[in-house]
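**Student:**
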Amino acid sequence: MTDDWNPNDPDATRVHYDLAMWSFDQQAELASDLAEAEIPHSWEGSELVVPEDAEAAADAVISATEERLGITYDEDGAAVHSGDTDTELPAVVVLGEDEATTEYDLADWPEPDREALTRALTRQGHPFRWEGEVLLVRTEDEQLVESLLDLVEAGETEMDMDAGSDDDPLPFETLTTFFLAGERLKKHPLDADGLEELLAAIDVADPAKPPFGVEPRLWFRTCELADQLAGALVDDDVPDEETAQIVAEQLHDLLRPYI
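Anchor point for the sequence shown: position 39 equals 39 in my numbering, and the numbering is continuous, going up by one each time.
(1) What residue range is occupied by the uninterrupted alpha helix (DSSP H) comprising V204?
(2) Would G125 pass as a contact of V94 if the rule is Cβ separation under 8 Å?
(3) In whole angstroms, what separates the C-alpha of G231 from that of E103?
(4) Per DSSP, what kind of secondary structure is W5 in: helix, strand or coil?
(5) Less than 8 Å between the CB atoms is what I'm expecting for A120 and L144, so what's the real figure, rounded?
(6) Drop a sphere of 10 angstroms on the beta-carbon of S32, count the other beta-carbons inside from all chains shown, and report buried for 16 or more, exposed for fewer.
(7) Out of Q26, L117 and A56, point me to the one whose CA is closest to T65's CA.
(8) In terms of residues, what are the limits of the alpha helix (DSSP H) holding S42?
(9) Given V238, which residues of its chain have a CB within under 6 Å of its CB, disregarding the five upstream and five downstream residues?
(10) What does a CB cutoff of less than 7 Å around E36 pick up in its chain, not counting 5 residues either side in sequence?
(11) Please go through the same chain and pick out, in chain order, the residues whose beta-carbon is closer than 8 Å to the beta-carbon of S46, but skip the five residues on each side of it.
(12) Check this for me: beta carbons of V247 and L229, under 8 Å apart or not?
(13) Relative to the C-alpha of V204, which candidate in D235, H41 and T177 has its C-alpha closest?
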């Protein structure tokens, strides 16, 4: 969030707030409030992270946000929302053509992430507009918007909620299967075992329901590449080996850091 605080610095003392009991909309409200108060912060999934010297200020903003949204806690510690964020969204505040703007190219974001961001910006009254998959906001709102971007990128969107349904999540090994298929097919796109592994993984994979421990945006991109790879090999009468090798290498390189 700020140039003088690095949340990934191993020597920095950080304070964590577990906000898993908050809804995404509540977290988005808090992210905006923290940015408006110029409190440096980042998100690790549903955990808010602030530097130690900002703990008191963060406590005050969190308390104020809880009071404003009517967030209380039941006997099991779950957040209970009695405020107004569950009502109908207000009208979108359209960004004026004469405003100084900042652009964010979000073409690689899954549609559920862009929808979550749109809802958060609309709910909080920040002017914006979309030009295709590019988001435009007022330059003066950069800190506010980037706080929301950080939150959405942390994975706390509807995709996470879907993954937490009653269905058992796929095992992490499903990601490994895609990786191994990519490794085989980038070398030999007509490798029968590699194609069999790929198609078997695609058959059980739901882009909206990542395996346990897999970040939603990584999983969405994995499924997207896997579908492209399968299409290059089986959709036409003659496999497109050149395209298959390119996509298989992309799939392999995407997953290599996680296997």
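Glycine included, each C-beta is placed from N, C-alpha and C at the ideal position.
Being a predicted model, the structure only gives us computed values, none of them experimental.
**Tutor:** Taking the structure as given:
(1) Membership of V204 in the alpha helix (DSSP H) is indicated by the continuous run A192 to V204.
(2) No.
(3) The straight-line gap separating the alpha-carbon atoms of G231 and E103 is approximately 33 Å.
(4) Secondary structure of W5 (DSSP, three-state): coil.
(5) A120 to L144, Cβ: 10 Å. No contact.
(6) With at least 16 other beta carbons inside 10 angstroms of its own, S32 counts as buried.
(7) Between T65 and the set Q26, L117 and A56, the nearest pair of CA atoms involves Q26.
(8) That residue, S42, is in no alpha helix (DSSP H); its beta strand (DSSP E) goes S42 to E44.
(9) No residues qualify anywhere along the chain.
(10) Scanning its chain for C-beta atoms nearer than 7 Å, with the 5 sequence neighbours on each side dropped, one finds around E36 the residues L144, in chain order.
(11) Contacts found: D18, L19, A20, W22, Q27, A154 and E156.
(12) Taking 8 Å as the Cβ cut-off, V247 and L229 qualify as a contacting pair.
(13) Considering only D235, H41 and T177, the residue with the shortest C-alpha distance to V204 is T177.
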